[in-house]
Each structure stands twice: as C-alpha cells, then as structure tokens.
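In the UniProt record's numbering, the protein residues as written are 1 to 522. Think of the CB as a built atom: it goes at the ideal place given N, C-alpha and C, for glycine as much as any other residue. These figures come from a predicted structure and were not determined experimentally. Report on the following structure.
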C-alpha cells in the first residue's frame, strides 16, 4: 500500500492517522479512558525499610559527622539565602580537616602528585629534579605508567618498600615490605583488621577494648560488626593517662559476657591529645602479651607532638626493644595516614598499616579480604609515598620542605598552648594540656537546669550545649558524648586548626557563650 505524501506548511500540524484511519488523538483518548476505569493499586511496600535493614548498620553512630554537623549545613544554607543570624559564617571546628581550615599544602608533595597525575609535566623546567625522580619511580611501578591503573591489592610494591624503609629509619628496627598494606586512609586498615578478628557468639563473641574517650570510628566499626565494645577509661585527672590497672578492670569485667581479644590504643590521643610515655607503652605491651590480646596502635598523629616534655614512641619500636619474647609473639597492627601530621592531605585518602607476627594462613586471608575492594586509590598511595620518602639533605627541595613542615608544626604547637591557656581562664571550663594531635577536649560545667532543659529536648546535655553554641555563634564542635566520657562529666571536642586570629575569635566566642549559658541556667 502506497503512503500518501503530505505537504506540511511551517507552523501547522496535520492530524495524524493510525493504520486503520483512526486519529492518534482518538486512540490516546480511548487509552486514557481505559486507564481511568482500572482499579487503583495501593503503593507497593518498600523492600528496604528501617525495620528490614541491617540492624548493625542502624546501630552505627559517628559523632564527628553526626546531627550537629547536619544542623551546621542547614544553617550555612540559610545564611546563603540571606536569613539573618547573629553571625556571618559557620566555623566548622568539628573535624581535623587541615586544608579546609586554611592550611597550605606542602609544595613538594603537590609537585610530585602533579607530575604523577599529568606526566607531560616531567618535561617542564618548573619542577625540581628530586620531585621528578620520585614521580618517575612511582609511575614506573604502575600499570601502563599511569595512576589510573589498578595496583596490587596490597598496594604498589615500590611504595610498600618506601614505607618499610621509613619505619626502619624511624624505629631503628627492620621492617619487611611484605608486612606493609596500603590502605584508604588509616580507617580502612582498622576496619579491615577488625573484620578478621571478630568471631563467635554469645559469651564467646569477640570483645574489643577501646579507650574512653575514643575516636568514634572504633565504636562505629564495632557496632557494624556486632562485636562487643569493652571500654577502658583514660585518667582525666592525670592528663588523660592510660593506666594498666584500668585495663585489668575492664578486661576482668568483660570476660563475664564476651571474649576480649583486641586492645586498641590511640597515640597521640584523639580526642584527648595525650602522648604516651615509653614506660606506659611498655606496660601496655606487657599486658597484651600476658593476656594474649591483639594490639591495634593508631599512630596517625605521630608527627603532632607539641609538649617539650613528650616524645612519640612507636609501639613497634618499643615492642622490639623489649626483647625476643615480646617481639616474636605479640601480634601488632600499626596505622598511619596522609591526613594528619604536617601534611593534612585528608582528601587523598592515603594510609598504610604494618602487621607483624600474623599467622601465615591469616596473612592469606587478609590479602583475600583486601582483594575484594581491588586496591586503595593509587593517587592516595602516591601521596603516602611522599610522606614516607620526603626530600633528603642535599636534595634540591630539602630546605623549602623543611621550612614548610616546621612552620606547620610550630604553628600548631602555638595554637595548642593558646587554646589550653584561654580555656583555663574561663570559669566552668577545664582543659588538660594539649600534648599532641590537633584537638582540645575541655571539660565543661553544665548546670542542673540546663541538664533538665536538655532532657526535655531528648538530648544529651553536652549535645544541647553544643547545639546552642552552634545556633548562637556559628561555631560547630562535637559533644563529648559522641566520644564517650565518665558518667556525670561533659566535654566537647574542638580542632585547633583554624588560623591563629580566627582561632582567637573562636575561643573568645566560646568564652562569651559559656558565661552567658551559665548565667541563663544557674
């Protein structure tokens, strides 16, 4: 059958016809009418609901990015829409994100990363030769000479070699590249090791000993894995020291309802900022050896030591110096990261863990578990390499690198002392010395009337305090209840990363708010 040619003028639309002479518009009308007479169906129930979801995920809490941070985001949006507040900006003092707080990147690290990301720059005279040398070495170890390729699940071989060399220099104790695992930040390594360690049910379920106050990653992973959290309390009256008698108490009580197998240490401390003495580390290692506990040493703040009376000692070094009985038997996983220290490269998500005295068969299981996520970001691995393999004396970039590193760490030391001093001048605030890391964790007085007001809002008292602080000053800090604290005490965690003048402003605003808060609820 021949189709008739239809000439259509611009701006007109002919009536379309179907194959049996019926117009398309008539057919559409009939179809619409047919749909109207169909009985309405009730909406299909969702498969995934709060009731049906994984209960372990629902139990996870992560205070550092919890409700108060969501509220801070809402307030920022309101400010952008022109809604008037008693302040002009939200200051996010809730998280240790150095570059977001204005810290400048280390030049050498960014030069090597630029060269690795865009290798054509290797021909540019604008980049120093020591940066080019490191970039070439990293790229030659990558598939297709590109950061865009997958690496081995354990990480790029030459970067693991550089990490091992760094540990050997730091500790004076040999490190084996085969014991090095590159990770997506330290958090990834901690989660992975805990996955291997958690087993059993009922009273035989794995117990994980963590410090209180703690970094909420630990409680979150423990909840996700349905393990048993075993709290041991740091001694606030003694600068947040770790007491082995407290470890014994916690272990003894935990054995009634679980099987404690893991002891987690954060040194320097987060959120508490204490730096453990060598004697304390020896006592902890002896305790772990005696009680057959797997040690996890979170050492991401190892460059952040400010008190002249303190020095960082790695658990690996002390373990080996205690002799063969300990160094050949105590199972230890140590963690480091690009995110803290003087680098502050949080976004690259670079990290490593060194795991020693691991059973050979478990080593295979660990590699298998890591292979499921293929590999950590190769750009993050490259950033980690620059942290452990910085310019050496005599190299072109050494002086500038040393100058920048010392500036960052010196500035942090000044801000640590400034924060401690100013907080301790405020009635109702008590702040221990900030020996290391990058946070203050002051104890705050909350009057009984404020506690009652918090309860009426179904909030923890320190959450109520921090929410009020945010709403009245724009300063976002994290309540101590998100990290854990002794019953009847209240705290908040605040980073010391803002520039000095902004930090002074923050501290004075907190002071004014606190005095007003005490007056209002006394």
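Item, Value
"With distance defined between alpha-carbon atoms, name the residue in 380, 281, 474, 260 nearest to residue 205.", "260"
"Rounded to a whole number of angstroms, what is the C-alpha to C-alpha distance between residue 370 and residue 85?", "48 Å"
"What number of angstroms, rounded off, separates the C-alpha of residue 177 from the C-alpha of residue 226?", "32 Å"
"Please go through the same chain and pick out, in chain order, the residues whose beta-carbon is closer than 6 Å to the beta-carbon of residue 149, but skip the five residues on each side of it.", "142, 143"
"What residue range is occupied by the uninterrupted beta strand (DSSP E) comprising residue 264?", "259-266"
"Residue 173 lies in the beta strand (DSSP E); which residues open and close that run?", "Looking at the DSSP string, residue 173 is not in any beta strand (DSSP E), and its letter there is neither H nor E."
"How long is the line joining the alpha carbons of residue 435 and residue 43, rounded to whole angstroms?", "58 Å"
"Could you check where the alpha helix (DSSP H) with residue 512 kicks off and where it finishes?", "500-521"
"Drop a sphere of 10 angstroms on the beta-carbon of residue 133, count the other beta-carbons inside from all chains shown, and report buried for 16 or more, exposed for fewer.", "exposed"
"I need the boundaries of the beta strand (DSSP E) containing residue 209, first residue and last residue.", "206-212"
"Bridge partners for residue 335 per DSSP, in chain order?", "298, 353"
"Count the other CB atoms, across all protein chains shown, that sit within 10 Å of the CB of residue 381; report buried if there are 16 or more and exposed otherwise.", "buried"
"In terms of residue numbering, what span does the alpha helix (DSSP H) encompassing residue 422 cover?", "398-423"
"Report the option in 237, 249, 240 whose CA atom is closest to the CA atom of residue 231.", "249"
"Since residue 350 and residue 335 should fall inside the 8 Å C-beta cutoff, what is the C-beta to C-beta distance between them, to a whole number of angstroms?", "Actually they are not in contact, since the Cβ atoms of residue 350 and residue 335 sit about 12 Å apart, beyond 8 Å."
"In this structure, does DSSP put residue 476 in helix, strand or coil?", "strand"
"Would the segment 468-482 and the segment 508-518 be scored as touching if the rule is three or more Cβ pairs under 8 Å?", "yes"
"Using the three-state DSSP reduction, which class does residue 235 fall into: helix, strand or coil?", "strand"
"Which whole-angstrom value is the C-beta distance of residue 106 and residue 404, which I expect to be below 8 Å?", "5 Å"
"Taking the beta carbon of residue 271 as the centre, do at least 16 other beta carbons fall within 10 Å, making it buried, or is it exposed?", "buried"
"For residue 316, which residues in the same chain have their Cβ closer than 8 Å to its Cβ, ignoring the five residues on either side in sequence?", "167, 171, 173, 175, 297, 332, 334, 354, 356"
"Check whether the segment 152-159 and the segment 374-393 touch, using three or more Cβ-Cβ pairs below 8 Å as the test.", "yes"
"Please work out which residues of its chain come closer than 7 Å, Cβ to Cβ, to residue 330, disregarding the five sequence neighbours upstream and downstream, and give them in chain order.", "285, 288, 289, 295, 319, 357"
"Using 9 Å as the threshold, is the C-beta distance between residue 465 and residue 490 below it?", "yes"
"Please state the DSSP three-state secondary structure of residue 274.", "coil"
"If the criterion is Cβ atoms closer than 9 Å, does the pair residue 477 and residue 165 meet it?", "no"
"Is residue 21 buried or exposed, if buried means 16 or more other CB atoms sit within 10 Å of its CB?", "Any answer about residue 21 is weak, because its pLDDT of 47 lies below 50 and its placement is not dependable; what the coordinates show is given next. When all chains shown are included, residue 21 counts as exposed."
"Excluding the 5 residues flanking residue 502 on each side, which residues of the same chain have their C-beta closer than 6 Å to its C-beta?", "none"
"Could you give the distance in angstroms between the alpha-carbon of residue 146 and the alpha-carbon of residue 116?", "8 Å"
"Over what stretch of residues does the alpha helix (DSSP H) that includes residue 242 continue unbroken?", "Here residue 242 belongs to no alpha helix (DSSP H), and DSSP marks it neither H nor E."
"When the Cα atoms are used, what is the spatial distance from residue 437 to residue 310?", "12 Å"
"Name the two residues that bound the continuous beta strand (DSSP E) containing residue 181.", "180-184"
"If you run the structure through DSSP and keep just helix, strand and coil, what is residue 443?", "strand"
"Is the beta carbon of residue 213 sitting closer than 9 Å to the one on residue 484?", "yes"
"Would you kindly work out how many angstroms separate the C-alpha atoms of residue 210 and residue 123, rounded to a whole number?", "50 Å"
"Mapping the DSSP letters down to three states, classify residue 96 as helix, strand or coil.", "coil"
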